[in-house]
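Notes follow the structure.
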């Protein structure tokens, strides 16, 4: 009889402990999340995404090997490219295309500190609106806050890069050859402007990919805070 009483007591004690653990878990998961936590989680997510994607784009062939953002020829140069290939100058066209993408990768190295400052300046209200916004709300926030400054940093870097690697000379040679052909209309594109705009679009395209991942893939939420906060928008 004593043994039975002891067993019942032990079972009861264990059950109470388990129930308490479950209750604590439920309370923890449903505890009110503060504005500070929401802001911290959004900043963590954005900084992780920026660091990940900017690092990839700024690496060697970061644009050229990424079909989502690879910079193709501007419309006015596509006919130059097609004509050069027809007359056996495809290598010249390929080299010019790669150098354009390399210039974009060089320019994107300037992006990280600009994004970091924009994230640091995010208010609690910004964070709440982003969290409960659409699938690209964070990307749109960064686009609004940083595009002008990024352009000012990107353009001279693109221009310098195109000049440094000889892309301007290559395209000048290619375009001059094209312009001397009969029955063609002369073209004079602004390569630096075009590559700068394409680099900007590429950066925000990849940040949007990262944002969508963290909103939709629980495994992409790499900290307890991210898991708790982003559960609100699930």
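In mature numbering (1 follows the signal peptide of the UniProt record, and there is no 0), the protein residues as written are -17 to -1, 1 to 217. Built from N, CA and C at the ideal position, the CB exists for glycine as well.
Does residue 58 pass the burial test, meaning 16 or more other C-beta atoms within 10 Å, or should it be called exposed? exposed
If the criterion is Cβ atoms closer than 8 Å, does the pair residue 110 and residue 21 meet it? yes
Taking Cβ to Cβ, would you say residue 37 is nearer than 8 Å to residue 99? No, the pair does not count as a contact, with Cβ atoms beyond the cut-off.
Buried or exposed (CB count within 10 angstroms, at least 16 for buried), residue 205: exposed
Just mark residue 115 as buried or exposed, buried being the case when its beta carbon has 16 or more other beta carbons within 10 Å. exposed
Where are the beta strand (DSSP E) runs, 3 residues long or more, that stay fully inside the segment 126 to 151, in chain order? none
So the alpha helix (DSSP H) residue 53 belongs to, where does it begin and stop? Segment: none, residue 53 is in no alpha helix (DSSP H) and carries neither H nor E.
Can you tell me the Cα-Cα spacing of residue 175 and residue 183, whole angstroms? 12 Å
Short check: CB of residue 30 to CB of residue 102, under 8 Å? yes
Taking the beta carbon of residue 43 as the centre, do at least 16 other beta carbons fall within 10 Å, making it buried, or is it exposed? exposed
So within the segment 67 to 103, which uninterrupted alpha helix (DSSP H) runs reach at least 4 residues, ignoring any that extend past its ends? 73 to 91, 94 to 103
Distance, residue 74 Cα to residue 142 Cα: 22 Å
Could you tell me whether the segment 190 to 199 touches the segment 120 to 129, where touching means 3 or more Cβ pairs closer than 8 Å? yes
Straight-line gap, residue 85 to residue 17 (C-alpha atoms, nearest Å): 44 Å
Start and end residues, alpha helix (DSSP H) containing residue 197: 174 to 199
DSSP three-state label for residue 206, please. coil
Find the nearest neighbour of residue 56 within the set 210, 78, 125, 193, judged by alpha-carbon distance. 78
Option in 52, 47, 48 with minimal Cα separation from residue 192: 52
With distances taken Cα to Cα, identify the nearest neighbour of residue 188 among 32, 27, 19. 32
Using only the alpha-carbon positions, how far apart do residue 113 and residue 179 sit? 27 Å
When the Cα atoms are used, what is the spatial distance from residue 185 to residue 46? 8 Å
Alpha carbon of residue 83 to alpha carbon of residue 152, nearest angstrom: 12 Å
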